[in-house]
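Here's the structure, in structure tokens; my notes come after.
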Amino acid sequence: MGEDAHCRSLYTPWERYLDAEYTVYCSSNPITYDTAEDECRYIEGRLTSIHSYEESNFVHDLVVRAVKRKDFAWIGMVSNGVNWDWSDFTPFFSNFDAYEPDISKGEYCAVMTPRKREWDGKLCDGTGVHAAVCKKGDINANVRQNGKAKEKKQEDTTRKTTTTVEKPTEDPLIGPIMEKL
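Each residue of the sequence shown is one higher than the last, beginning at -5 in this note's numbering.
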């Protein structure tokens, strides 16, 4: 496939992040969410799930390099009208823009946008979407790795905020406090 107005190539080379690999599928024509999932399965992957801000930034950078215009790229988050879930059934993580998605407008599918590092909701029919981010490998390893990083950050934060309180030597009501011998 030659280059067109939207794509640099049909598929980008697979790139590793933690224990999974990612590629961007790009089409000269708009693609639906279901078509995007089918394309990912065709190359033995799934639409990507994302489980941390770091992983979201990685995926964002892939999209920026893959599409010529500021086109959207499908990610594997979909809504039933009430809840949002990843299509690969991994734990929920969200990085939607402040006013996204707008369920009242029928935005039941999620996209990565190169304009910003947050996600938008879109109609699943593919209007204006020419790319999809596919993921393969141990998708749950990224969940485990990102969870460990979060636990470590919380542990480090706890250590930094711990303060030492000196034992009082005098009670304001009864006077000096005697230590037990």
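All C-beta atoms, glycine included, are put in the ideal place defined by N, C-alpha and C.
Output needed for ARG109: all residues of its chain with C-beta closer than 8 Å, excluding positions within five of it in sequence on either side, in chain order. Taking the sequence shown and counting its residues from 1, one reaches residue 109 at position 115. If we look at ARG109 and ignore the five residues flanking it on each side, its Cβ neighbours are LYS64.
So what does DSSP say about GLU205, is it helix, strand or coil? Since the first residue of the chain shown is -5 and the last is 175, residue 205 is not available in this structure.
Local conformation of VAL105 per DSSP, three classes: Translated into the one-based positions of the sequence shown, residue 105 becomes position 111. Reduced to three states, the DSSP call for VAL105 is strand.
Let me know the alpha helix (DSSP H) ranges lying completely inside the stretch 23 to 67, each 4 residues or longer, listed in chain order. 27 to 36, 47 to 60
Between the CA atoms of TRP113 and CYS20 - distance to the nearest angstrom: Locating residue 20 in the sequence shown gives position 26, where the first residue counts as 1. Locating residue 113 in the sequence shown gives position 119, where the first residue counts as 1. CYS20 and TRP113: Cα-Cα distance of roughly 18 Å.
Report the CB separation of ASP119 from THR26 in whole angstroms; it is logged as a contact under 8 Å. As a working mapping, residue 119 is identified with position 125 in the sequence shown. As a working mapping, residue 26 is identified with position 32 in the sequence shown. About 6 Å separates the two Cβ atoms, so the contact holds.
Those residues which DSSP pairs with ASP114 across a bridge: Working through the sequence shown from its first residue, we reach residue 114 at position 120. Per DSSP, VAL105.
Length of the line joining the Cα atoms of GLU48 and HIS54: Reading the sequence shown from its first residue, position 54 is the one you call residue 48. Reading the sequence shown from its first residue, position 60 is the one you call residue 54. So the alpha carbons of these two residues sit roughly 10 Å apart.
Specify the secondary structure class of SER98 as computed by DSSP and reduced to three states. As a position in the sequence shown, residue 98 is number 104, starting the count at 1. In the structure shown, SER98 sits in a helix (DSSP, three-state: H, G or I).
According to DSSP, residues forming a beta bridge with PHE90: Here residue 90 is taken as the residue at index 96 of the sequence shown, counted from 1. PHE90 pairs with TRP113.
Bridge partner(s) assigned by DSSP for SER73: Residue 73 sits at position 79 when you count from the first residue of the sequence shown. Note: SER73 sits in a beta bridge opposite TRP78.
Cα-Cα, which of VAL72, GLY39, ILE44 is closest to ASP96? Here residue 96 refers to the residue found at position 102 of the sequence shown. Selected option, being the one with the closest Cα: VAL72.
By Cβ distance below 7 Å, which residues in the same chain neighbour PHE87 in space, the five residues on each side in sequence not counted? On the sequence shown, position 93 is the one that residue 87 refers to. For PHE87, where only same-chain residues beyond five positions count, the Cβ hits under 7 Å are ILE44, HIS45, SER46.
Looking only at its chain, what residues have a beta carbon closer than 6 Å to the beta carbon of THR107, apart from the 5 residues adjacent to it on each side? Position 113 of the sequence shown, counting from 1, holds the residue named residue 107. Result list for THR107: PHE66, ASP114, in chain order.
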